[in-house]
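Heads up: the protein sequence lines correspond to chains S and X, in order. Every letter in the first sequence is one number past the one before it in the numbering used here, and letter 152, counting from 1, is 152. Every letter in the second sequence is one number past the one before it in the numbering used here, and letter 102, counting from 1, is 1102. Every residue, glycine too, gets a C-beta built ideally from N, C-alpha and C. What follows is one structure encoded as structure tokens, with my remarks underneath.
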Amino acid sequence: MKMTEKDKRVFETAQQARIHTPLCLLVLILTLGIAMTSVAAPKKMATSQPENCALCHGKEKALPAGHNDIKKMNYEGCKKCHIDTLRLGGKLPGGHIHQLSGVSCEKCHGKVKKQTEVPMKQCVTCHNPEKLKEKTAKVKPENPHTSPHYGTGLDCNACHRQHGKSENFCAQCHKFNFVVP
Amino acid sequence: MSEDEKKPKNPSRRAFLKSTGGAAAIAGIALGGLAVNPKETAAALNPMPKKWDETYDVVIIGSGFAGLAAAIEAKNAGATVTVIEKMFVHGGNSIINGGDFSAAGTKMQKEAGIQDSADIMYNDMMKTGLYLNHPGLAKTVAEQSNSALEWCQSLGARFAKVGFHGGHSVKRAHQTINASGSEVVNKLFDKVNALGIKVQTRTKLVRFVSDKGGRIVGIEVRTGYKFPDEKSGKTAYIKARKAVVLTSGGFSQDLALRQIEDPRLTDKFGSTNQPGATGEALLAACMAGAMDLQMDWIQLGPWTSPDEKGFGHVPLFCERLVGYGPMINPKTGKRFFKETGNRKERADAIILIGNPVIIMGDSYAVPKQVFPNALQKGMEAGAIKKFDTLEDLAKNYNIPFEAFTAEIAKWNSFVEKKKDADLDCMIFQDAKPTVTPPFYAARLWPKVHHTMGGLVIDNNAQVMGFDLKPVKGLYAAGEVSGGVHGAVRLGGVAMADCIVFGRIAGKNAAKEKSQI
Ligand SMILES: Cc1cc2nc3c(=O)[nH]c(=O)nc-3n(C[C@H](O)[C@H](O)[C@H](O)COP(=O)(O)OP(=O)(O)OC[C@H]3O[C@@H](n4cnc5c(N)ncnc54)[C@H](O)[C@@H]3O)c2cc1C
């Protein structure tokens, strides 16, 4: 089998991450891992930590057998293997990406007894709408972070979900095939 | 009945309701002409909440043109105001609209040398509306259209040019700079925010609360509602010390209701509207004693494309081209209807043909007439196509070529003479024969667009009841009201209607005596 450029990259990053698994097996495992995350019906724990899957997922295995140890891994670490078609964005719930990037529950929900929905004004403390608009300026067929209707003011929650599947809000009326992380 | 609601004060009435089988019996008696006031009936069936969660002078339902205009005017008249909106975002159909605002006798018209007056606009509305329009309402919109446009401009809304819409006798559609109603909605929304008016999204009106006399004193809502999950959210009560203003828009997306009114409008027809354009708020008003009218006049847009979702880009292409380029039935290669005819005539003509038709223009008309962004996006979506020759165009749409070229030659001769001897299409002075390649074309198939019928209002936007008397404490404006447009709403007149009557409703609601 001849390696494509993409395969090479996956292989190389896998090497860097010291995963000594044959390439095709690795791909299989990672794909399974993505499928598995959507099966679990986890508890929401305010005290959750990225490396402690069992705290929310209980006995159910959140990661596929043979998945690389994720202790002390952050989102950058995940991205070493999870690139291109293995990308986690749009598949892994946003809350996990936040956790893995060091953004704990409390950072968005605040230190409260009962956590409530996070308003957009909290999101924009890190995610500047104008910067987002620039970042996605080349996305086709339209820039998802600006529109003639709402400018850059559309509530992030319209599309991005942290504890469930994100939604392509524009698709209510438009034929935009965005993959929403 | 939920625990939150206390028992009606009049125990004998409640006992009566129980023993006779409630709503159906009462409604039967009311219809049978016995001395039971329908609004009292409504009050009896709609108990007072034990406690109000929030209280304002004026409570507005819906955050489109009409609701936001009402909110600003009510607040400016000194009232405390809130706006509730069931969807995730504000703006309703208004924020996705095409941005054409019909107004007569405006500064922009004068600058473009267009002779117009409120009388001419009124006559156009009545003629196209088959004279089913309530004359007082139509007159109010025509007469105040200019001041409504100027009011929007004073709040920062910018308009670029004056265009034509089928059924009008002159160019009077003032197009916003971004060819979207969002230009107006967002300027109104900024003002609403600047005035400190609370807009509560994901808050759905469930029912009106009336007092014993049938006066509307507040509403029951679901807060944290997630459209379209009817079980989502929590019950809350909002009191209106002065009045409730209903500006909940039309019901083009309400499959059940629209088929009751017009059984042809099955799911075979798409809609240009936002998904929340449904009729439950209108029906809730009827249950509280408000009367409806002309509900089966439902408008299909004749300029939508089957090749894109929703409203899309083709309407902005088609409506700028009528009077400059021909509309062709691909089966025959011939024109089939007056391109500048009104929406109803044109949609009916296309439905009668039974397959999508073509609108086309050449490289003189298209760049001159069509908003560049609409053209580009329509082409990217594959709904508007470009052809180097007429032959290519004909081939693409399976048009019999000989008949087609003969028809184009005939059309061109009409354009030269500025007179269409076949179908009486209005041909504009600056129109030129369709000869310059490349040619642009799009397919057309109607979609459900506007509901002309709705609640009965008087010239003060006061809602009228089934007893033909005012439903006290209830105003309505915009697409939820009926009567302004009669059988057919002319292009751009919804914006005028919503702003004119939204403002009237807001002012009058604020003038009501506070009920404390
Ligand atoms: C795609 C499109 C293009 C158009 N282009 C033009 C144009 O160029 N010119 C023109 O004049 N007209 C145009 N129209 C028509 C015009 O936009 C509408 O008639 C107008 O926007 C209606 O305004 P409104 O304020 O009455 O209602 P909307 O703007 O629809 O607002 C009503 C709001 O009430 C909310 N609501 C409904 N029920 C409830 C409930 N139970 N509880 C709480 N909230 C509720 C809705 O979600 C909605 O947000 C267009 C319409 C569409 C769909």
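Per DSSP, residue 1102 (chain X) is one residue of the beta strand (DSSP E) stretching across 1100-1102.
Taking C-alpha positions only, residue 1482 (chain X) is separated from residue 1298 (chain X) by approximately 11 Å. Contact annotation for residue 1381 (chain X) against chain S: 175 [CB-CB distance below 7 Å, chain order]. Where residue 1218 (chain X) is concerned, the enclosing beta strand (DSSP E) starts and stops at 1216-1223.
By the Cβ test, the region 1465-1474 of chain X is in contact with the region 1203-1214 of chain X, since at least three Cβ pairs between them sit closer than 8 Å. Uninterrupted alpha helix (DSSP H) stretches at least 4 residues long and entirely within the region 1273-1309 of chain X occur at 1280-1287, given in chain order. At least 8 Å separates the beta-carbon of residue 1495 (chain X) from that of residue 1164 (chain X). Nearest CB-CB separation between residue 1085 (chain X) and chain S: not below the 8 Å threshold. Put simply, the CB of residue 1180 (chain X) is near chain S, with a gap under 8 Å to one of its CB atoms. Set against 7 Å, the gap from the CB of residue 1286 (chain X) to the closest heavy atom of ligand 1 is not smaller. Proximity of chain S to residue 1308 (chain X) at the Cβ level (cut-off 8 Å) is accounted for by 175, in chain order. For the pair residue 1431 (chain X) and residue 1415 (chain X), the CB atoms are nearer than the 8 Å cut-off.
Annotation: the continuous beta strand (DSSP E) that includes residue 1328 (chain X) extends over 1327-1329. A distance criterion of 7 Å places the beta-carbon of residue 1463 (chain X) beyond contact range of ligand 1, judged by its closest non-hydrogen atom.
Boundaries of the beta strand (DSSP E) around residue 1443 (chain X): 1439-1444.
With at least 16 other beta carbons inside 10 angstroms of its own, residue 1449 (chain X) counts as buried. In this structure residue 1289 (chain X) touches residue 1465 (chain X) by the C-beta definition: roughly 4 Å separates them, less than 8 Å.
Residue 50 (chain S) and residue 63 (chain S) have their C-alpha atoms spaced approximately 12 Å apart. For residue 1311 (chain X), the shortest separation between its Cβ and any heavy atom of ligand 1 lies below 7 Å. If you check the CB distance, residue 160 (chain S) and residue 179 (chain S) do not come in under 8 Å. For chain X, the residues of the region 125-150 of chain S that bring a beta carbon within less than 9 Å of one of its beta carbons are 140, 141, 142, 147, 148, 149 and 150, in chain order.
Straight across, the Cα-Cα distance linking residue 1507 (chain X) with residue 1308 (chain X) is about 41 Å.
Using beta-carbon distances, residue 1274 (chain X) counts as an interface residue toward chain S, with a partner under 8 Å.
C-alpha of residue 66 (chain S) to C-alpha of residue 1096 (chain X): approximately 50 Å in a straight line. Of the residues X:1160, X:1269 and X:1174, the one whose Cα lies closest to the Cα of residue 1145 (chain X) is X:1174. The beta carbon of residue 172 (chain S) falls within 8 Å of a beta carbon belonging to chain X, placing the residue at that interface. Chain X places a beta carbon closer than 8 Å to that of residue 155 (chain S), counting this residue as a contact. Bounds of any alpha helix (DSSP H) do not take in residue 1174 (chain X); it lies within the beta strand (DSSP E) bounded by 1173-1176.
Its chain contains 1343, 1346, 1347, 1350, 1444 and 1446 as the residues whose beta carbon lies nearer than 7 Å to that of residue 1302 (chain X), once the 5 sequence neighbours on both sides are disregarded; these appear in chain order. DSSP places residue 1405 (chain X) inside the alpha helix (DSSP H), whose first and last residues are 1401-1417. Boundaries for residue 1143 (chain X): no beta strand (DSSP E) harbours it, while the alpha helix (DSSP H) harbouring it runs 1135-1154, taken from the DSSP string. By DSSP's assignment, residue 1205 (chain X) forms a beta bridge with X:1221. In terms of Cα proximity to residue 105 (chain S), the closest of S:176, S:170, S:44 and S:177 is S:44. At the C-beta level, residue 1185 (chain X) and residue 1094 (chain X) come within 8 Å of one another.
Counting the other Cβ atoms within 10 Å of the Cβ of residue 60 (chain S) gives fewer than 16, which makes it exposed. Distance from the Cα of residue 1180 (chain X) is smallest, within the candidate group X:1429, X:1359, X:1315 and X:1388, for X:1315.
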